[in-house]
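**Q** Take this structure, written in structure tokens, and hold onto it; I'll ask about it next.
In the numbering used here, the protein residues as written are 1085 to 1366.
So, in structure tokens, the structure goes:
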């Protein structure tokens, strides 16, 4: 698909992306940029990396496709940094899980550029982080958003959609604003709920931990994610997450009322509805 592809940030997503792009021959050459020399040298020793840089301008030079795979807090700054260094016709995207702020910044910075930025969000993370946990099947079968702005080139949008599909992802398109509302409900709210459950149980007697079963582990698994990363996500998507949280609060208050009234048929109805939705996710 591309002569040269550049990965900015070889963490879990970046390294996994380079691995699968190399395996599927999606780029003739894959270059990587890492902030630390040690990380760059580690990448250079991998068969999926042709060259590793610590100077970002050299990493993106002459590249047809650039993917920003850094933590969310760095993406806007990197967009600003590389907008004048990318080659003519270069397609730039990112993997951030919040899109409106990033796409607004990119729209401003790439407005007078010969290259184009279109946001992406491959929903393929893990509670593990770093290149050591990267693997070639990370993206297989997972959902992915592509978030074009209004009036962007349809050919470039489809090129980006095709790339993620080549990785085995299920791709949907949405505006940046719509994306943030959707993931606030489907991803960020569940993480917040798992965190709150853990914070509640952390106040219980320590011996309770020894009595917990698999259900608690399943329910709270995502709370094991990197706190610094999730603080960034919650802060950047604060408005949409607050809306989702208030909707949950209203729903949970209804459940409390049903429980207080002891209406068995309504309790059962809630459980049946919940099971039906959960079964639809399989």
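All residues carry an ideal CB built from backbone N, CA and C; glycine is no exception.
Verify whether the separation of the beta carbon atoms of residue 1147 and residue 1127 is less than 8 Å.
**A** Cβ distance not < 8 Å, so residue 1147 and residue 1127 don't count as in contact.
**Q** Determine the direct distance from the alpha carbon of residue 1353 to that of residue 1345, and round the result to whole angstroms.
**A** Taking the straight line joining both Cα atoms gives about 14 Å.
**Q** Where does residue 1303 sit, in a helix, a strand or coil, going by DSSP?
**A** Residue state, collapsed to three classes: helix.
**Q** Measuring only the C-alpha atoms, how far is residue 1268 from residue 1321?
**A** 7 Å
**Q** Express the C-alpha separation of residue 1106 and residue 1184 in angstroms, rounding to a whole number.
**A** 30 Å
**Q** Report the rounded CA-to-CA distance for residue 1214 versus residue 1332, giving the unit in angstroms.
**A** 32 Å
**Q** State the CB to CB distance for the pair residue 1065 and residue 1285, rounded to an integer number of angstroms; the pair is presumed to be in contact (CB under 8 Å).
**A** Look at the range of the chain in this structure, 1085 to 1366, and you will see that residue 1065 is not part of it.
**Q** Would you mind listing the beta strand (DSSP E) stretches within the region 1253–1335 that are 3+ residues and don't spill past its ends, in chain order?
**A** Correct list: 1254–1257.
**Q** Within the continuous beta strand (DSSP E) that includes residue 1228, where are the two ends?
**A** 1227–1231
**Q** Rounding to the nearest angstrom, what Cα-Cα distance links residue 1201 and residue 1222 in this structure?
**A** Between the alpha carbons of residue 1201 and residue 1222 lies a distance of about 24 Å.
**Q** Spell out the partners DSSP gives residue 1206 in its beta bridges.
**A** 1228
**Q** CB-CB under 7 Å to residue 1167, same chain, minus the five flanking residues each way: which ones, in chain order?
**A** 1193, 1194, 1197
**Q** Return the CA-CA distance between residue 1220 and residue 1351, expressed in angstroms with no decimal places.
**A** 44 Å
**Q** Report buried or exposed for residue 1159, applying the criterion of at least 16 other Cβ atoms within 10 angstroms of its Cβ.
**A** buried
**Q** Work out the CA separation of residue 1179 and residue 1188 for me, nearest whole Å.
**A** 15 Å
**Q** Comparing alpha-carbon positions, which option in 1130, 1123, 1131 lies nearest residue 1137?
**A** Checked all of 1130, 1123, 1131; the closest Cα to residue 1137 is 1123.
**Q** Is residue 1365 helix, strand or coil by DSSP?
**A** Residue state, collapsed to three classes: coil.
**Q** Restricting to runs no shorter than 4 residues, where is the alpha helix (DSSP H) found entirely within the region 1162–1218?
**A** 1184–1193
**Q** With a cut-off of 8 Å, do at least 3 Cβ pairs link the region 1233–1240 to the region 1106–1118?
**A** no
**Q** Under the three-state reduction of DSSP, which class applies to residue 1108: helix, strand or coil?
**A** coil
**Q** What is the DSSP secondary structure of residue 1103, counted as helix, strand or coil?
**A** helix
**Q** With residue 1151 as the anchor, note down where its beta strand (DSSP E) starts and where it stops.
**A** 1149–1152
**Q** What are the boundary residues of the alpha helix (DSSP H) that includes residue 1240?
**A** 1238–1250
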